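In full-length UniProt numbering, the protein residues as written are 1 to 151.
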């Protein structure tokens, strides 16, 4: 399964829409996970034209979304959170027994393995900090692979 990972779009009606590169890179994914700071339902509606979307509330959102979601893909379990107000993401993932934790908030792409858990932050697609704007592709088959894409 191929999953598109995106976070911290911070797109408002005044500030444009998803870039065409995001649409192109996510073309063909089976699912899109948005780790919050969406700011408008228009972003989710645009993403839903590409693939089904699971999204969580970010600290800048006033949308009707949960603060976390748990997604099962094959034998892997993913915890999707924004990451604000969470001091220890690894401990949270271990507490819930997750294989993968996808978060946002820092606007910095990262991927770290702790024991058998993978922590992924796709970075910000629109307002990066100390990095390029980015998204990620998560490939879940027999192996789990992450590819970061600069926008």
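The C-beta atom is built at its ideal place from N, Cα and C for all residues, glycine as well.
Here the structure is a predicted model, which means the values were calculated and not measured.
Original post:
Distance, Cα to Cα, residue 102 vs residue 117?
Top reply: Taking the first residue of the chain shown as 1, we reach residue 102 at position 102. Taking the first residue of the chain shown as 1, we reach residue 117 at position 117. Cα to Cα, residue 102 sits roughly 11 Å from residue 117.
Subject >> Inter-stretch contact at 8 Å, needing at least 3 Cβ pairs: the stretch 69-76 / the stretch 40-50 >> reply: no
Original post:
How many angstroms separate the CA atom of residue 141 from the CA atom of residue 69?
Top reply: Position 141 of the chain shown, counting from 1, holds the residue named residue 141. Position 69 of the chain shown, counting from 1, holds the residue named residue 69. Across the structure, residue 141 and residue 69 are spaced so that their CA atoms are roughly 21 Å apart.
Original post:
When the distance is taken between beta carbons, is residue 6 closer than 8 Å to residue 125?
Top reply: Taking the first residue of the chain shown as 1, we reach residue 125 at position 125. Taking the first residue of the chain shown as 1, we reach residue 6 at position 6. Cβ atoms of residue 125 and residue 6: closer than 8 Å.
**OP:** Within the same chain, show all residues whose beta-carbon is closer than 6 Å to that of residue 136, passing over the 5 residues directly before and after it, in chain order.
**Re:** The residue you call residue 136 lines up with position 136 of the chain shown. Once the five neighbours on either side are set aside, the close Cβ partners of residue 136 are 5, 122, 146, 148.
**OP:** With a threshold of 16 other CB atoms inside 10 Å of the CB of residue 25, please say whether the residue is buried or exposed.
**Re:** As a first step, residue 25 must be located in the chain shown, where it is residue number 25. By the 10 Å Cβ count, residue 25 comes out buried.
**OP:** Look up residue 144 in the DSSP assignment and say whether it is helix, strand or coil.
**Re:** Here residue 144 refers to the residue found at position 144 when the chain shown is read from its first residue. Note: residue 144 maps to strand in three-state DSSP.
Original post:
What are the boundary residues of the alpha helix (DSSP H) that residue 4 is part of?
Top reply: Sequence index remark: in the chain shown, residue 4 carries index 4 (1-based). No alpha helix (DSSP H) contains residue 4, which is instead part of the beta strand (DSSP E) from 2-6.
Original post:
What residues are listed by DSSP as bridge partners for residue 55?
Top reply: Against the chain shown, residue 55 aligns to sequence position 55. 34.
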